[in-house]
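*Asks:*
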Amino acid sequence: MAYEYQRRLMVNDQLKARGIRDERVLHAMETVERHLFVDEHLRDKAYADCALPIAEGQTISQPYMVALMTELLELKGDEKVLEIGTGSGYQSAVLSLLASEVFSVERIPLLASRAEKLLKELNYNNVHVTVSDGTVGLPEHAPFDAIIVTAGAPEVPQEYLDQLNPGGRLVIPVGSRYSQALYRIRKSPSGIEKNVSTACVFVPLVGESGWKENEP
Ligand code: SAH
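Taking numbering that gives the first Met the number 0, I'd label the letters of the sequence shown as residues 0 to 215.
#1: Quick one: does the C-beta of A150 sit closer than 7 Å to a heavy atom of the ligand SAH?
#2: My guess is that G84 and E105 are in contact by the Cβ rule of under 8 Å, so how many angstroms apart are they, rounded?
#3: Assuming M28 and V93 make a contact with CB atoms under 8 Å, what is their CB distance in whole Å?
#4: Is the distance from the Cβ of L218 to the Cβ of E55 below 8 Å?
#5: Considering L161, what are the terminal residues of the alpha helix (DSSP H) in which it resides?
#6: Use the C-beta contact count for E78: other C-beta atoms within 10 angstroms, 16 or more gives buried, fewer gives exposed.
#7: Using CA coordinates, which residue listed in G166, I53, A152 is at the minimum distance from R113?
#8: Looking at the strands, I want to know which residues DSSP matches up with N194.
#9: Classify E82: buried if its beta carbon has 16 or more other beta carbons within 10 angstroms, exposed otherwise.
#10: Who are the Cβ neighbours of H127 in its own chain at under 6 Å, not counting the five residues just before and after it?
#11: Cβ atoms of P142 and P157: under 8 Å apart, would you say?
#12: By the DSSP assignment, the alpha helix (DSSP H) with H127 in it spans what residues?
#13: Please report the distance separating the alpha-carbon of Y182 from that of C199.
#14: Mind reading off the beta-carbon distance from A145 to V205? Whole number of angstroms is fine, and I expect it under 8 Å.
#15: Going by the DSSP bridge assignment, what does E105 pair with across the sheet?
#16: Does the ligand SAH have even one heavy atom less than 7 Å from the beta-carbon of Q57?
#17: Quick one: what's K79 bridged to in DSSP?
In structure tokens:
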């Protein structure tokens, strides 16, 4: 089946059917060629309703989770966005179509360099990949209008709240190492508003304000 057709089915059956409504998000999900962000032998599974393995024991998130997290960021097009956990670069490509600048941080150099190369080849020119510990955010480019964390955190690092603009949104999975709840946090003038969206499973966010490398 042609990839384009598979993408249309994915948008209808996995995203619209489960309540994703933001037309810009749906359009971005129908546009980005997810099969190019997975290893060649997994291309035929790229549009399946699940996460898939990438190198270094990491994963590319399920399409629905990518769409949901992106929708929760409420992007209009002129935002500066921070993504923690570049991984394959797929989520960065989706964000690239929906915001003005995307700063993406990855701790594993091999993943960062592969993603950076692919994003450049595909002309996602407003994505900037940095190799560092993203648990402390990216102070040199702060503040951000939106922050998305694509790895599971034990708690919300204060750095993210500090690096958000007033009115900014933070979407982050928080919980144990093996299962989390998806939080959407808004930094409003009256304080921090927190909403819990859904249960989810992400690889751990490892670093100074996250999980320790060898923690059980
Ligand atoms: N958004 C990615 C999902 C990648 S999985 C995609 O679309 O493919 C989560 C990624 O977070 C992994 O690549 C992992 O190495 C990275 N990660 C974990 N802890 C991190 C940290 N402290 N800083 C930056 N990246 C981190």
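Built from N, CA and C at the ideal position, the CB exists for glycine as well.
Quick caveat: nothing in here was measured; it's all calculated off a predicted structure.
*Replies:* In terms of the structure at hand:
#1: Yes, the ligand SAH has a heavy atom inside 7 Å of this Cβ.
#2: The pair is a contact, with the Cβ atoms about 7 Å apart (cut-off 8 Å).
#3: Rounded, the Cβ-Cβ distance is 7 Å, consistent with contact.
#4: With the chain running from 0 to 215 in the structure shown, residue 218 is simply not present.
#5: Note that residue 161 corresponds to Asp in the displayed sequence, not to Leu. First-last of the alpha helix (DSSP H) with D161: 157–161.
#6: Label assigned to E78: buried.
#7: Between R113 and the set G166, I53, A152, the nearest pair of CA atoms involves I53.
#8: As a beta-bridge residue in DSSP terms, N194 pairs with R183.
#9: That one is buried.
#10: Contacts found: F102.
#11: Checking the sequence, you will find Gln at residue 157 rather than Pro. Contact flag unset, no.
#12: The continuous stretches of alpha helix (DSSP H) do not include H127, which lies in the beta strand (DSSP E) extending over residues 126–130.
#13: The alpha-carbon atoms of Y182 and C199 are separated by roughly 10 Å.
#14: So it is not a contact: roughly 23 Å between Cβ atoms.
#15: BP columns for E105 point to V130.
#16: Correct: Q57 has its Cβ closer than 7 Å to the ligand SAH.
#17: Beta-bridge annotation (DSSP): K79 is paired with E100.
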